[in-house]
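Here's the structure we're looking at; comments come further down.
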Amino acid sequence: MSVSKSPNATDHLTSGRRTLALEIQGLQALLDTLDGPFSAAVDLLAAARGRVIVTGMGKSGHVGRKIAATLASTGTPAQYVHPAEAGHGDLGMITNEDAILGLSWSGETAELAAIIAYAKRFSIPLVAITSDGESALGSAANVALVLPRAEEACPNGLAPTTSTTMQLALGDAISVALLEQKGFSASDFRIFHPGGKLGASLQHIADLMHKGDALPLVTGDRKMSDALLVMSEKGFGCLGIVNAAGDLTGIVTDGDLRRHMGENLLGKRVEDVMTRNPKTITPAMLASEALNHMNAAKITSMFVVEKGKPVGLVHIHDFLRAGVV
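In this note's numbering, the protein residues as written are 73 to 397.
Pasting the structure below:
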């Protein structure tokens, strides 16, 4: 039994960079060969009234599961069906309103035979992702997306590496093209991603803002002695100033108080102390976007305005509590 020399850090870096370089070459080749069939495949999948059924065996199956998840989360109902299980009853998951996206590098994966035959029998549209357009899968498909025969990153040329990277990237390209065709928005995206930091950042200001009696509002003709009581009671460190029509005309902050600090502060009118034309946001603005505005302006509170009238207020702590950071 021979003992090989352990690779050093330089050898690892060389290997890693070679792998990435080969996979980049594969993606570049895929980009260079992307043409008309891609558009046809997107149109075919978009026309399905049911779901996109994604299938594939082995590593192609693992990629297929990710593609199905990406499709489903971006507005295209999708489900992964294991090809081996399909021939044992799971074909019942596929209806004639669905479309099938089948992955196989060789296009000759035996386990796909049942799904291919089922698609033909019931005229279910089939899109193939394969390296051989003349294979069983490629020739049976309504649209075949043929992957370029790029070199695998595996030095033995055996482990699917570059090939699966291209499959995954092509799946992303299909998902994004469908997303754009459907006009899937950030608001739609939030429906499918309510959890975690992403879900939090996709909340709207209307979901976070304080409103009603909680708002610190006074008119500009009030004395600062009265206004400070309202400002202290509400506890936001700011005060909104409205005119007779209820429009927001200014704001008083801790900074304004410091700038006007003196013996006559309490006797001044609010309109003499306030900052006019304050920065505001709208209820429909995304929480992440509003937080960016606040950070850029270096302020901790912002009034929420609709048609010129204050309808809410958000404080930096509201973003922190909601997980928007």
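Virtual Cβ for every residue (Gly too), placed ideally from N, Cα, C.
A quick note: this is a predicted structure, and the numbers were derived from the prediction, not measured.
Would you grab the beta carbon distance between Leu311 and Val324 for me? Rounded to a whole angstrom, and I think it's under 8 Å.
Confirmed, Cβ separation roughly 4 Å.
Rounded to the nearest angstrom, what separates Met73 and Asn80 at their Cα positions?
Caution applies to Met73, whose pLDDT of 47 falls short of 50 and renders its modelled position unreliable; the value that the coordinates give is listed next. If you take the alpha carbons of Met73 and Asn80, they lie about 22 Å apart.
Only counting the same chain, and skipping five residues up and downstream in sequence, which positions put a Cβ closer than 8 Å to that of Lys401?
There is simply no residue 401 to check, as the chain begins at 73 and stops at 397 in what is shown.
Give me the Cα-Cα distance between Ile201 and Ser87, rounded to the nearest whole angstrom.
Distance between the alpha carbons of Ile201 and Ser87 is about 28 Å.
Give every residue of the same chain whose Cβ lies closer than 8 Å to the Cβ of Lys370, excluding the five residues on either side of it in the sequence, and list them in chain order.
None.
Residues in the same chain with beta-carbon distance under 7 Å from Ala406, minus the five sequence neighbours each way, listed in chain order, please.
Within the shown structure, residues of the chain are numbered from 73 to 397, placing residue 406 beyond reach of any answer.
In the DSSP assignment, what are the bridge partners of Ser373?
Looking at the DSSP assignment, Ser373 forms a beta bridge with His387.
Excluding five sequence neighbours on each side, which residues of the same chain lie with their C-beta closer than 8 Å to the C-beta of Phe290?
The question names Phe, yet the displayed sequence has Val at residue 290. Excluding sequence neighbours, Val290 sits near Asp298, Ala299, Val302, Leu311, Gly312, Ile313, Val314, Val342.
Could you check how far apart the C-beta atoms of Leu106 and Glu223 are, in whole angstroms? I think they sit under 8 Å.
Going by Cβ atoms, the distance from Leu106 to Glu223 rounds to 19 Å, so no, they are not a contact pair.
Can you check whether the CB of Val386 is closer than 8 Å to the CB of Thr354?
Not in contact: Thr354 and Val386 (Cβ atoms no closer than 8 Å).
Touching or not, the region 157-164 and the region 173-189, by the rule of three or more beta carbon pairs under 8 Å?
The region 157-164 vs the region 173-189: in contact.
Around the Cβ of Ser235, are there at least 16 other Cβ atoms within 10 angstroms (buried) or fewer (exposed)?
Counting Cβ neighbours within 10 Å, Ser235 comes out buried, since at least 16 surround it.
Examine the Cβ distances between the region 168-180 and the region 199-217 and report whether three or more of them are shorter than 8 Å.
Contact holds: three or more Cβ-Cβ distances are below 8 Å.
Identify the continuous beta strand (DSSP E) that holds Leu311 and give its terminal residues.
Counting along the chain, the beta strand (DSSP E) containing Leu311 begins and ends at 310-314.
Just the C-alpha distance for Gly136 and Gly322, rounded to the nearest angstrom, thanks.
Cα-Cα distance, rounded: 55 Å.
Is it true that the CB of Thr91 sits closer than 8 Å to the CB of Ala225?
A contact, by the Cβ cut-off of 8 Å.
For Gly174, name the three-state secondary structure that DSSP assigns.
Three-state DSSP puts Gly174 in a strand.
Are the CB atoms of Val215 and Val199 within a distance shorter than 8 Å?
Contact flag set, yes.
How about Leu242 and Leu102: are their beta carbons less than 8 Å apart?
Their beta carbons are under 8 Å apart, which means Leu242 touches Leu102 by this criterion.
Here's the rule: buried if 16 or more other CB atoms are within 10 angstroms of the residue's CB, otherwise exposed. What is Arg123?
Result: buried.
Considering only DSSP beta bridges, list what Tyr190 is partnered with.
Tyr190 pairs with nothing; no bridge assigned.
Tell me where the beta strand (DSSP E) around Leu399 begins and ends.
This structure cannot settle anything about residue 399, because the visible part of the chain is limited to 73 through 397.
Counting only the same chain and skipping the five closest in sequence on each side, list residues whose C-beta sits under 7 Å from that of Gly205.
Correct list, in chain order: Ala216, Val218.
Excluding the 5 residues preceding and the 5 following Val75 in the sequence, name in chain order all residues of the same chain whose CB lies nearer than 8 Å to its CB.
Confidence at Val75 is low in this model, with a pLDDT of 49, below 50, so the placement of that residue should be treated as unreliable; the coordinate-derived value is given next. Excluding positions up to five away in sequence, the list is empty.
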